[in-house]
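Heads up: the structure comes next, in structure tokens.
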Amino acid sequence: MNKGLVIGAIVILGALLYLVITGLGGSSVYYITVGELKAKGPAIYGKTVRVAGKVVENSIQWDPQTLTLTFEIADDSGKLPVVYHGPRPDMLKDGAEAVVEGQYTPEGVFKVNPKGLLLKCPSKYQEKNQ
Numbered sequence: 000m001n002k003g004l005v006i007g008a009i010v011i012l013g014a015l016l017y018l019v020i021t022g023l024g025g026s027s028v029y030y031i032t033v034g035e036l037k038a039k040g041p042a043i044y045g046k047t048v049r050v051a052g053k054v055v056e057n058s059i060q061w062d063p064q065t066l067t068l069t070f071e072i073a074d075d076s077g078k079l080p081v082v083y084h085g086p087r088p089d090m091l092k093d094g095a096e097a098v099v100e101g102q103y104t105p106e107g108v109f110k111v112n113p114k115g116l117l118l119k120c121p122s123k124y125q126e127k128n129q
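Quick note: the sequence shown, position 4, residue 3 per numbering that gives the first Met the number 0, numbers continuous.
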């Protein structure tokens with residue numbers, strides 16, 4: 000077999016492997032609970048993380064002039080104040096399941112990245128109690 004062809008194939012495979020590993024490493028963000036986020040304290044400040052929870056009832060505040068949206072999410076381990084800048088999502092409602100991606104600040108507020116707010120409405124089709 001041609002030695003140049005083998006070396007070329009190895010170089011191409013190595014480059015592809017490098018691109019896959021660096022691409023996955025840069026975009027991998029894991030989910031943590033509100034309690035895990037708060038427990039990490041200063042070690043987590045400035046790092047991009049994802050936190051999931053339900054939107055706390057009556058916590059949504061919207062300022063249309065500054066496009067600032069504040070609300071709280073909660074899970075079994077606690078509550079987390081959230082700040083988002085951008086258009087108000089239609090699906091943001093009390094009880095909606097939310098996943099926020101952004102940074103936790105020393106002030107105890109979670110600042111959501113521009114495209115880091117994912118929402119799922121609470122189910123309207125729940126089984127009827129009989």
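Where a beta carbon is used, it is the ideal one built from N, C-alpha and C, also for glycine. Owing to the predicted nature of the structure, the values given are computational and were not obtained by experimental measurement.
Within a Cβ cutoff of 6 angstroms, which residues of the same chain sit near residue i, ignoring the five residues on either side of it in sequence?
i: Y83; result: L68, V111 and L116
i: E71; result: V55, S58, K78 and P80
i: P14; result: It is Ala, not Pro, that sits at residue 14 in the sequence shown. Taken in chain order, the list of residues that qualify is empty.
Looking at the secondary structure, which residues open and close the alpha helix (DSSP H) in which residue i lies?
i: A38; result: V33 to K39
Could you pull out every residue in the same chain whose Cβ sits closer than 8 angstroms to the Cβ of residue i, ignoring the five residues on either side in sequence?
i: L16; result: none
i: P113; result: H84 and G85
Could you spell out where the beta strand (DSSP E) holding residue i opens and where it closes?
i: E96; result: E96 to Y103
i: T65; result: T65 -> no beta strand (DSSP E), and no H or E assigned at all.
i: V108; result: Neither: V108 is in no beta strand (DSSP E) and is coded neither H nor E.
i: P80; result: G77 to H84
State the DSSP-derived secondary structure class of residue i, mapped to helix, strand or coil.
i: L15; result: helix
i: V48; result: strand
i: V55; result: coil
i: G7; result: helix
i: I43; result: helix
Hey, is residue i's beta-carbon within less than 8 angstroms of any beta-carbon in chain B?
i: V54; result: Protein chains in the displayed structure number just one, and chain B is not present.
Going by DSSP, name the residue or residues bridged to residue i.
i: L91; result: Partner(s): none; L91 has no beta bridge.
i: K2; result: DSSP lists no partner for K2.
- Task: Count the CB pairs spanning the region 101-108 and the region 38-46 that are closer than 8 angstroms, and state whether there are at least three.
- Result: yes
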